[in-house]
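Novice:
In our numbering, the protein residues as written are 137 to 258.
1. Where does residue 146 sit, in a helix, a strand or coil, going by DSSP?
2. Could you have a look at residue 151 and say whether DSSP puts it in helix, strand or coil?
3. I think residue 152 touches residue 161, with their Cβ atoms under 8 Å apart; what is that distance to the nearest whole Å?
4. Looking at C-alpha atoms only, which residue of 247, 191, 255 and 227 is the closest neighbour of residue 165?
5. So for residue 191, helix, strand or coil by DSSP?
6. Identify the continuous alpha helix (DSSP H) that holds residue 158 and give its terminal residues.
7. Kindly indicate which three-state DSSP category residue 177 falls into: helix, strand or coil?
Here you go:
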């Protein structure tokens, strides 16, 4: 995977999240996908939990990557990003700046997001 390919995947993924485009998310998320946030009550979410929340509860009103670095690793890539969003989940404000670490890997000849770690900046 090249850096440009992974940057495009990141944009496609976040656009799908904001648009609640589950068909794109189903394509891009690996079966073993996890989201780690460390939030009380749900520090790690599974793929199924993430898809359910995105479809029903997670609302993004605006987003942008302020910085995005890609480390290509052959058939995989590591992404380190600074991300800003305006949004909410179940009515609770989720507006802020976050540090993201994503791992993309080739699965059956196509890139998929294997894991994401998100830390909110205070």
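Every residue gets a Cβ at the ideal spot worked out from N, C-alpha and C, and that includes glycine.
Specialist: In terms of the structure at hand:
1. In the chain shown, counting from the first residue as 1, residue 146 sits at position 10. Three-state DSSP puts residue 146 in a helix.
2. Your numbering for residue 151 matches position 15 in the chain shown. It is helical.
3. As a working note, residue 152 is residue 16 in the chain shown. As a working note, residue 161 is residue 25 in the chain shown. The pair is a contact, with the Cβ atoms about 5 Å apart (cut-off 8 Å).
4. For the purposes of this step, residue 165 is taken as residue 29 along the chain shown, with counting starting at 1. Between residue 165 and the set 247, 191, 255 and 227, the nearest pair of CA atoms involves 247.
5. Along the chain shown, read from residue 1 onward, the residue named residue 191 stands at position 55. In the structure shown, residue 191 adopts helical secondary structure according to DSSP, grouped into three states.
6. Indexing the chain shown from 1 puts residue 158 at position 22. Where residue 158 is concerned, the enclosing alpha helix (DSSP H) stretches over 158 to 164.
7. By 1-based counting over the chain shown, the position of residue 177 is 41. Of the three classes helix, strand and coil, the one that applies to residue 177 here is coil, per DSSP.
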